[in-house]
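Down below is the structure, laid out as structure tokens.
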Amino acid sequence: MIDRLPGEASQPLARAAIYACLVGTAMYFLAPLLVMALTSVKSMDEIRDGNLLSLPLEPTLAAWAKAWAKMRGFFWNSLLLVVPAVAISTAIGSFNGYVLTKWRFRGSETLFGMLLVGCFIPFQAILLPMARALGQFGLAGTTAGLVAVHVIYGLAFTTLFFRNFYMGLPDELIKAARIDGAGFFTIFWRIVLPLSPPIVVVCVIWQFTQIWNDFLFGVAYSSGESQPITVALNNLVNTSTGVKEYNVDMAAALLAALPTLIVYVLAGKYFVKGLTAGAVKG
Amino acid sequence: MSSLTVKNLKKSFGSTQVLKGIDLSIEAGQFLTLVGPSGCGKSTLLNIIAGLETPSTGEVWIGDRNVNRLGPKDRDIAMVFQNYALYPNMNVRKNISFGLEMRKVPKGEQDRIIDRVARMLQIEPLLDRKPAQLSGGQRQRVAMGRALARDPKLFLFDEPLSNLDAKLRVNMRAEIKELHQRLGTTIVYVTHDQIEAMTLGDRIAVLHNGEVQQFGSPSDIYENPANRFVAGFIGSPSMNFIPCEVTGSPVSGYGLTMVSEGREFVLKTGADLQSRIGKTVILGIRPEQITHVMASHLEEPFTCAATCPVHLCEPTGPDTLVTTSLNQTKVLARVRPDAAGLLGQDMELMFDLSKAVFFDPDTGSRLGLPLDRAA
Ligand SMILES: Nc1ncnc2c1ncn2[C@@H]1O[C@H](COP(=O)(O)OP(=O)(O)OP(=O)(O)O)[C@@H](O)[C@H]1O
Ligand SMILES: [Mg+2]
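Protein sequences appear in the order of chains A and R. In terms of the UniProt record's numbering, the numbers along the first sequence are unbroken and rise by one, the last being 282. In terms of the UniProt record's numbering, the numbers along the second sequence are unbroken and rise by one, the last being 375.
Right, here's the structure in full:
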């Protein structure tokens, strides 16, 4: 045994063990991604001959080009769906949070409690009633309809995020602004919103990932040309006609996953910060 | 600048009644301090005056206007909060000008006002900083600046100094007082610090349990407390409350029997305690009225000396606080440091009862008031 000083954590052996453990875990989780990436740049011949983890002998982007050609339209569909759905649900959530914390009214806590229940309603439970409602509003099968579904379903979460964040804003801030002569909307716009970026980031990331990755609502409420990318990916991978092109499938899957990855890489830091951000000190 | 009147104000949150009928009135230019223990409803009262809360019943008048139906922005008031409530997203300049902007003051005029306020409060170098980049004292100044920028009829302060350290607090206290004397504005100032209340106010309202216990000038409240609560709350260290039996008669005058470690003596008083002869009352006597013996004072009518044990000595600098015991009650005396007795020994203490007050042991209400006050 090596002599240890109490509290000394930087033992080389212990360190090595920790790193080995971490690297092992990381590899375990990254392996599928690696297999996908490798497969997507191989040719079909190579895929048939080689093994899953072998490096490509002649890397080619042909599969990516093919996948992009097939998925491009649906990629835009998803973008057209996600951007308004995220923007609207975040905006309304922020407004709800403001009202529920800074302009309480009789029953506002109850209302919030009921809204919270919305976080726990499983997708499946609202599939049929929602389809009926969309039909009645003439929104069945349209992007607008899908946006509406995501906004409504997301509101419970966005309201919760903003409400909890605004709880940390001192009420005196609002009182001071009221005495200064600012009204309901001015206070929201000039005081509350400018203090909200940390929670807006959290909310946007959360909603973006939820909506972009959603399959069930997409498959249920959209049709044909307006389908989001997740549904298109499923259709692509599940075609029973012709040869299975694994490289194209993998490239398409990576394409579908790319935007959420990018959002995490760009804004992940703020996500963690925003989740832990407490009261704004005046 | 405007007078303020509050009439029979009541406020309940759900089933708890926080204010139970408040009546107050000050003239234009007066400085009113609201003082009371935590949770007694001071902030609630201030918020109602500001229009940030609605009273359950009662009226608020600013000047000759009933403002019950007006929102905070139409009452022409300014308020400084305990936690300052500076807008964190705006720099100091914006913080001060926000209220002006909301009231559509022209830009040039705004700049002039900011200059004036910044000079007055010496915050010119800070104008471009965000609140997070300021120290506590600087934030406090900015909060005052924001209030001073508009020339309101009434200033409301909600414990503006309680987040500052002791020394800064004393400085700012003096500055607020000076500011009031210079500007002559009407101010309502909430504090739970009785020294702040005494030093700042022209008028003091002592609040407790949602009621005004006493409303008067600082000296009135200090020397003529309306009840035991006020007597104990105002003054530091607190007034001594000693239960004792009343002896004597209207002819010979009244005496109070004291027992200290087997020694018995009688303190003479000029208060009218006829109805309490043979019964127990609470003697209220401030620490500075129990001192070391000064021969020249012993001649005065209600002053006498007695030997008491010294249980504790606490030097404060100018005086030493000596703890003794009378009628099994802890009693504090304020003596000159070099005259203080030694711990565990006896010392001669001089009791000056000319300003002593008396309370009913059960209700805590004031007894034996000079006849013209007993109304
Ligand atoms: N919105 C509210 N709902 C219910 N009760 C409240 C509300 N606001 C205040 N209270 C209660 O009213 C009482 C008085 O509160 P207030 O804030 O006026 O006290 P305060 O005298 O300012 O105390 P402090 O010195 O601690 O600031 C407290 O018991 C408090 O719990
Ligand atoms: Mg308070």
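Virtual Cβ for every residue (Gly too), placed ideally from N, Cα, C.
Beta-carbon contacts of residue i that lie in its chain and below 6 Å, excluding the five residues immediately before and after
i, result
"A:Pro84", "Val147"
"R:Met347", "Val310 and Gly341"
"R:Ile290", "Ala333, Leu349 and Phe351"
"R:Leu168", "Gly137"
"R:Leu273", "Val246, Tyr254 and Gly368"
"A:Ala279", "Its pLDDT being 40, under 50, A:Ala279 is placed unreliably by the model, and nothing is read from it."
"R:Leu161", "Arg169 and Met172"
Proximity of residue i and residue j at Cβ, strictly below 7 Å
i, j, result
"R:Leu19", "R:Lys10", "yes"
"A:Lys42", "A:Pro32", "no"
"R:Ile285", "R:Ala340", "no"
"A:Ala65", "A:Val248", "no"
"R:Val190", "R:Leu34", "yes"
"R:Gly137", "R:Val117", "no"
"R:Leu86", "R:Pro131", "yes"
"A:Phe188", "A:Tyr98", "yes"
"A:Gln207", "A:Ser89", "yes"
"R:Asn91", "R:Asp64", "no"
"A:Gly242", "A:Val231", "no"
"residue 385 of chain R", "R:Gly39", "With chain R covering only 1 through 375, there is no way to say anything about residue 385 of chain R."
"R:Gly99", "R:Arg150", "yes"
"R:Pro72", "R:Gly51", "yes"
"R:Asn163", "R:Ile242", "no"
"R:Leu343", "R:Cys313", "yes"
"R:His208", "R:Gly36", "yes"
Backbone CA spacing between residue i and residue j [nearest angstrom]
i, j, result
"R:Asn47", "A:Tyr153", "39 Å"
"A:Leu52", "A:Thr39", "7 Å"
"R:Leu32", "R:Glu223", "18 Å"
"R:Val293", "R:Pro225", "27 Å"
"A:Met36", "A:Pro259", "16 Å"
"A:Met27", "A:Met250", "19 Å"
"A:Asp214", "A:Ala17", "39 Å"
"R:Thr269", "R:Gly232", "20 Å"
"R:Glu300", "R:Val246", "21 Å"
"A:Arg190", "A:Ser94", "14 Å"
"A:Leu34", "A:Leu254", "11 Å"
"A:Asp171", "R:Gln181", "31 Å"
"A:Asn235", "A:Ile229", "10 Å"
"R:Val331", "R:Ser354", "18 Å"
"A:Ala133", "A:Phe123", "15 Å"
"A:Phe162", "A:Ile199", "7 Å"
"R:Tyr84", "R:Ala166", "17 Å"
"A:Cys203", "A:Lys273", "12 Å"
"R:Ser2", "R:Asp76", "10 Å"
"A:Glu245", "A:Phe165", "48 Å"
"R:Asn89", "A:Leu128", "46 Å"
"R:Thr307", "R:Thr329", "16 Å"
"A:Pro59", "A:Leu30", "20 Å"
"R:Glu124", "R:Ile114", "9 Å"
Same chain only: Cβ atoms within 7 Å of residue i, ignoring 5 sequence neighbours per side
i, result
"R:Gly364", "Asn227, Arg228 and Phe229"
"A:Ala267", "Val201 and Ile205"
"R:Pro218", "Met198, Gly201 and Ile204"
"A:Ala14", "none"
"R:Ala147", "Ala78, Met79, Val80 and Phe155"
Segment limits, alpha helix (DSSP H) that includes residue i
i, result
"A:Ser40", "Pro12 to Ser40"
"R:Tyr222", "Pro218 to Glu223"
"A:Asn77", "Ala62 to Lys102"
"A:Val147", "Thr143 to Met167"
"A:Phe123", "Phe123 to Gln136"
"A:Cys203", "Pro197 to Asn213"
"R:Phe98", "Val92 to Met102"
Endpoints, beta strand (DSSP E) assigned at residue i
i, result
"R:Asp158", "Leu154 to Asp158"
"R:Lys20", "Thr16 to Ile26"
"R:Leu34", "Phe31 to Val35"
"R:Gly58", "Thr57 to Ile62"
Cutoff 8 Å; reference residue i; Cβ partners in own chain excluding five residues on either side
i, result
"R:Arg373", "The predicted model places R:Arg373 with a pLDDT of 42, which falls under 50 and marks its position as unreliable; any figure quoted below should be read in that light. Same-chain partners within the cutoff: Asn224."
- Cβ-based contacts, 8 Å cut-off: residues of the segment 189-205 of chain A near chain R: If the cut-off is 8 Å between Cβ atoms, the segment 189-205 of chain A has Arg190, Ile191, Pro194 and Leu195 near chain R.
- Message: To be precise: take each residue of the segment 77-96 of chain R, compare its Cβ to all Cβ atoms of chain A, and keep it if any distance is under 7 Å. Which residues remain?
- Response: For the segment 77-96 of chain R, which is checked against every Cβ of chain A, the residues closer than 7 Å are Ile77, Ala78, Met79, Phe81, Asn83, Tyr84, Ala85, Leu86, Tyr87, Pro88 and Asn89.
- chain A contacts from the segment 48-78 of chain R (Cβ-Cβ distance under 9 Å): Using a CB distance below 9 Å, the part of the segment 48-78 of chain R facing chain A consists of Ala50, Gly51, Leu52, Gly71, Pro72, Lys73, Asp74, Arg75, Ile77 and Ala78, ordered along the chain.
- Closer than 8 Å, Cβ to any Cβ of chain A: which residues of the segment 93-118 of chain R, in chain order? Answer set for the segment 93-118 of chain R: Phe98, Gly99, Met102 and Arg103.
- Message: Beta carbons nearer than 7 Å to chain R: which residues of the segment 169-180 of chain A have them?
- Response: Listed by position, the residues of the segment 169-180 of chain A near chain R (Cβ gap below 7 Å) are Pro170, Glu172, Leu173, Lys175, Ala176, Arg178, Ile179 and Asp180.
- Message: Residues around ligand 3, please: the ones whose beta-carbon is closer than 5 Å to some heavy atom of it, in chain order.
- Response: Of the ligands one can find in the structure shown, namely ligand 1 and ligand 2, none is ligand 3.
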